[in-house]
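Undergrad: Protein sequence lines, in the order shown, are assigned to chains Z and C.
For the first sequence, the numbering used here gives the first residue as -4, with consecutive numbering after it.
For the second sequence, the numbering used here gives the first residue as 602, with consecutive numbering after it.
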Amino acid sequence: DTGVSQDPRHKITKRGQNVTFRCDPISEHNRLYWYRQTLGQGPEFLTYFQNEAQLEKSRLLSDRFSAERPKGSFSTLEIQRTEQGDSAMYLCASSSYIGAQYFGPGTRLLVL
Amino acid sequence: GQQVMQIPQYQHVQEGEDFTTYCNSSTTLSNIQWYKQRPGGHPVFLIQLVKSGEVKKQKRLTFQFGEAKKNSSLHITATQTTDVGTYFCAGQAGTALIFGKGTTLSVSS
Chain Z
-4 DTGVSQDPRH KITKRGQNVT FRCDPISEHN RLYWYRQTLG QGPEFLTYFQ NEAQLEKSRL
56 LSDRFSAERP KGSFSTLEIQ RTEQGDSAMY LCASSSYIGA QYFGPGTRLL VL
Chain C
602 GQQVMQIPQY QHVQEGEDFT TYCNSSTTLS NIQWYKQRPG GHPVFLIQLV KSGEVKKQKR
662 LTFQFGEAKK NSSLHITATQ TTDVGTYFCA GQAGTALIFG KGTTLSVSS
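1. According to DSSP, is Gly80/Z helix, strand or coil?
2. Just by C-beta distance, which residues in the region 76 to 102 of chain Z are closer than 7 angstroms to chain C?
3. Would you please verify whether the beta carbon of Pro38/Z is less than 8 angstroms from any beta carbon of chain C?
4. Tell me Lys637/C's beta-bridge partners as DSSP assigns them.
5. Relative to chain C, which residues along the region 16 to 32 of chain Z have a C-beta separation below 7 angstroms, given in chain order?
6. Beta-carbon of His643/C versus every beta-carbon of chain Z: anything under 8 angstroms?
7. Helix, strand or coil: how does DSSP classify Thr682/C here?
8. Using only the alpha-carbon positions, how far apart do Lys637/C and Gln45/Z sit?
9. Residues of chain Z with CB closer than 8 angstroms to the CB of Ile699/C, please, in chain order.
10. Between Arg32/Z and Ala83/Z, is the Cβ-Cβ spacing less than 8 angstroms?
11. The beta strand (DSSP E) with Lys652/C in it runs from where to where?
12. Please report the straight-line C-alpha distance between Gln96/Z and Gly617/C, rounded to a whole angstrom.
13. Give a yes or no on whether the C-beta atoms belonging to Thr687/C and Gly703/C are separated by under 8 angstroms.
14. For Lys52/Z, write down the residues that DSSP places opposite it in a beta bridge.
15. In chain Z, which residues lie less than 7 angstroms from Gln665/C when you measure between Cβ atoms?
16. Residues of chain C with CB closer than 8 angstroms to the CB of Gly67/Z, please, in chain order.
17. Select from Val685/C, Phe646/C, Phe700/C, Lys652/C the residue whose C-alpha is nearest the C-alpha of Ser90/Z.
18. Spell out the partners DSSP gives Thr71/Z in its beta bridges.
19. Secondary structure at Tyr623/C, three-state DSSP: helix, strand or coil?
20. Since Asp2/Z sits in a beta bridge, which residues does DSSP pair it with?
21. Where Leu706/C and Leu104/Z are concerned, what is the direct C-alpha to C-alpha distance, given to the nearest angstrom?
22. Compute the Euclidean distance between the alpha carbons of Gly695/C and Ile93/Z, then round it to the nearest angstrom.
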């Protein structure tokens, strides 16, 4: 296993369009996390799955954001009606316990 | 809400000099983790500290967790150009990690 993978690596979209990102965690990890990172900031927690259950969501997470992990393996993050303020790096991480998290390379989103 | 603050925001050193970054939380932490992010890269896990007063070493890196479990530090001895990057501390708040803004280290040879 080569680690956490994310697709696409880059996405440019127009304001108002919907986008979907995919994350494939390390295969034996049952915990999966989504973060958002903007320039000069640390990653900001968005949501957390344990297996297929979404157990925690940030209060900062807009209703336009939705995440799924249908079979407890890969996860998708969808942003509806994108806004320019959504431009950021979206990072996925996985872990096998509450502790070390292993991050993917991220999806860089630019909303025009 | 819980906040994690890091200082300094930037640090430039000459190769061979030491470097320290400090992390403070507004609340007591169950554990603290440190990550390194190279320019254009993603955060990479370095270490987790759990016990009050804990000190861990990884080669030239020394990590400390404060007695009150609200602060931590990372010290690099004799920096090398390969140490360049942004170092983040992250406090565990339930399942979420709350990251500081990071300290960006640059090293000139």
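Virtual Cβ for every residue (Gly too), placed ideally from N, Cα, C.
Since we're looking at a predicted model, the values are computed, not measured.
TA: Answer, in terms of the structure:
1. Counting from one through the first sequence, the residue named residue 80/Z turns up at place 85. Three-state result, Gly80/Z: helix.
2. Listed by position along the chain: Leu86, Ile93, Gly94, Ala95, Gln96, Tyr97, Phe98, Gly99, Pro100, Gly101.
3. Taking the first residue of the first sequence as position 1, residue 38/Z is located at position 43. Yes, contact with chain C.
4. Position 36 of the second sequence, counting from 1, holds the residue named residue 637/C. Note: Lys637/C sits in a beta bridge opposite Val645/C, Tyr688/C.
5. Hits within the stretch: zero.
6. Working through the second sequence from its first residue, we reach residue 643/C at position 42. Cβ-Cβ to chain Z under 8 angstroms: yes for His643/C.
7. Mapped onto the second sequence, residue 682/C falls at position 81. Here Thr682/C sits in helix by DSSP.
8. The residue labelled residue 637/C in the question sits at position 36 within the second sequence. The residue labelled residue 45/Z in the question sits at position 50 within the first sequence. Computed Cα separation, rounded: 25 angstroms.
9. To locate residue 699/C, count along the second sequence from 1; it is residue 98. In chain order: Phe40.
10. On the first sequence, position 37 is the one that residue 32/Z refers to. On the first sequence, position 88 is the one that residue 83/Z refers to. First, the residue type needs correcting, since residue 32/Z is Gln and not Arg in the sequence shown. Ala83/Z sits close to Gln32/Z, with the two beta carbons spaced by under 8 angstroms.
11. Against the second sequence, residue 652/C aligns to sequence position 51. From DSSP, Lys652/C is part of no beta strand (DSSP E); its letter is neither H nor E.
12. The sequence position of residue 96/Z within the first sequence is 101, counting from 1. The sequence position of residue 617/C within the second sequence is 16, counting from 1. Using only the alpha carbons, I get a separation of about 30 angstroms.
13. Walking along the second sequence from the start, residue 687/C turns up at place 86. Walking along the second sequence from the start, residue 703/C turns up at place 102. A distance below 8 angstroms separates the beta carbons of Thr687/C and Gly703/C.
14. Walking along the first sequence from the start, residue 52/Z turns up at place 57. Answer is Thr42/Z, bridged to Lys52/Z.
15. What you label residue 665/C is simply residue 64 of the second sequence in a count that begins at 1. Around Gln665/C, no beta-carbon contact reaches into chain Z at under 7 angstroms, the shortest distance being about 18 angstroms.
16. As a first step, residue 67/Z is located in the first sequence; it is residue number 72 there, counting from the start. Chain C residues near Gly67/Z: none, gap ~16 angstroms exceeds 8 angstroms.
17. Indexing the first sequence from 1 puts residue 90/Z at position 95. Ranking Val685/C, Phe646/C, Phe700/C, Lys652/C by CA distance to the CA of Ser90/Z puts Phe646/C first.
18. Locating residue 71/Z in the first sequence gives position 76, counting from the first residue. Within the DSSP secondary-structure output, Thr71/Z pairs in a beta bridge with Arg17/Z, Glu63/Z.
19. Indexing the second sequence from 1 puts residue 623/C at position 22. Three-state DSSP puts Tyr623/C in a strand.
20. Here residue 2/Z refers to the residue found at position 7 of the first sequence. DSSP lists Arg17/Z as the beta-bridge partner residues of Asp2/Z.
21. If you number the second sequence from 1, residue 706/C lands on position 105. If you number the first sequence from 1, residue 104/Z lands on position 109. Their Cα atoms are separated by approximately 26 angstroms.
22. Within the second sequence, the letter at position 94 stands for residue 695/C. Within the first sequence, the letter at position 98 stands for residue 93/Z. Answer to the nearest angstrom: the Cα atoms are 9 angstroms apart.
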